[in-house]
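Okay, so here's the structure we're looking at.
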Amino acid sequence: MEDYTALLKKVREKLPESSTLRERFEVPKVLGHIQGNRTIVSNFPQIAQALGRDQHHMLKFILKELATPGDLKKTGLLFGAKIPASRINDKIRLYADRFVLCPECGKPDTKLEKEGPVTMLKCAACGAKHPVKE
């Protein structure tokens, strides 16, 4: 007769991979459209809120990474160029990796805190502190 751990291992091997691998935190995808030679991201405030970061900090990073002009409007984020959603999503993911996710434990339970001239990423889950490059 098999013991409990052996049976459990057998069952886990038969489960599809998608049911065993599930991140607690997922970076939201952009919703928007291209209008003329501009790109409008309508859910930018919701993305910033989901990441727990200031919209203006996130905007500054994304505009610099995409090397394009842009502005926050009531309708959302307005880029002064045609930019595919995949590129914007890549930059938001990069922002999350640098300014949201803890390098130690990988959790999103972090805050940005100024310590003198240096901005630190402080994790509430594991207590780690790391400097971030602005």
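Taking our numbering as reference, the numbering of the sequence shown is continuous, increasing by one, and the terminal residue is 335.
In this text, a Cβ means the ideal position worked out from N, Cα and C, and glycines have one as well.
Quantities reported herein were computed from a predicted structural model and do not represent experimental measurements.
- Contact check between the stretch 257-273 and the stretch 290-299: three or more CB pairs, one atom from each, fall below 8 Å, which counts as touching.
- With a contact defined as Cβ atoms closer than 8 Å, residue 282 and residue 244 miss out at about 19 Å.
- Spatial neighbours of residue 286 in its own chain (CB-CB distance under 6 Å, excluding positions within 5 residues in sequence) are listed in chain order as 231.
- For residue 263, the enclosing alpha helix (DSSP H) covers residues 256-267.
- According to the DSSP assignment, residue 272 belongs to no alpha helix (DSSP H) but to the beta strand (DSSP E) extending over 271-274.
- The beta-carbon separation of residue 278 and residue 228, rounded to 15 Å, does not stay under the 8 Å limit for a contact.
- For residue 208, the three-state secondary structure derived from DSSP is helix.
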